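Chemist:
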Amino acid sequence: MADELKQLKIKTGVVKRLVKEHASYVKQVEKDEEKAAKMAAEATNEDEEYAAKKAKEVARETVGMVRDAAGRLQKAVVDLETLISGGNFADDDLTEAKAQLEAAKA
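Take 376 as the starting number for the sequence shown in my numbering and just add one per residue.
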């Protein structure tokens, strides 16, 4: 039982971390896209146009990280749900896990 409880806490922590990571990447995409658009609008020479183009590439790469984080979050949610459904946990042990599952699905 102690081993299952330890796994519950670990998997809950993983989901919590990945929720934060995904949200962080989403915010970063917004910032990168705004920066790239601003740089492109204000570009007056080739160097500035090149910098704007590179900023757009950074934004595209960050979008890839959002997809990656979403995939890892989805897998972590499935792992946590599987552990919860297969284990015998007290309701107070499941409070944090269920809260993190709700946050992940929001």
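For each residue, glycine too, the CB sits at the ideal point set by N, CA and C. From a predicted model like this one, the values you see are computed outputs, not experimental measurements.
Can the beta-carbon of R447 be found less than 7 Å from the beta-carbon of L383?
Modeler: no
Chemist: Measure the C-alpha to C-alpha separation of A434 and V441 and round it to an integer number of angstroms.
Modeler: When only Cα atoms are considered, A434 and V441 end up about 11 Å apart.
Chemist: Counting only the same chain and skipping the five closest in sequence on each side, list residues whose C-beta sits under 7 Å from that of V389.
Modeler: Result list for V389: A451, in chain order.
Chemist: Using 8 Å as the threshold, is the segment 423 to 439 in touch with the segment 405 to 414, meaning 3 or more CB pairs across them?
Modeler: yes
Chemist: Starting from G446, trace the alpha helix (DSSP H) both ways and give me its first and last residue.
Modeler: 421 to 461
Chemist: Using a 10 Å radius around the Cβ and a threshold of 16 neighbouring Cβ atoms, would you call L476 buried or exposed?
Modeler: buried
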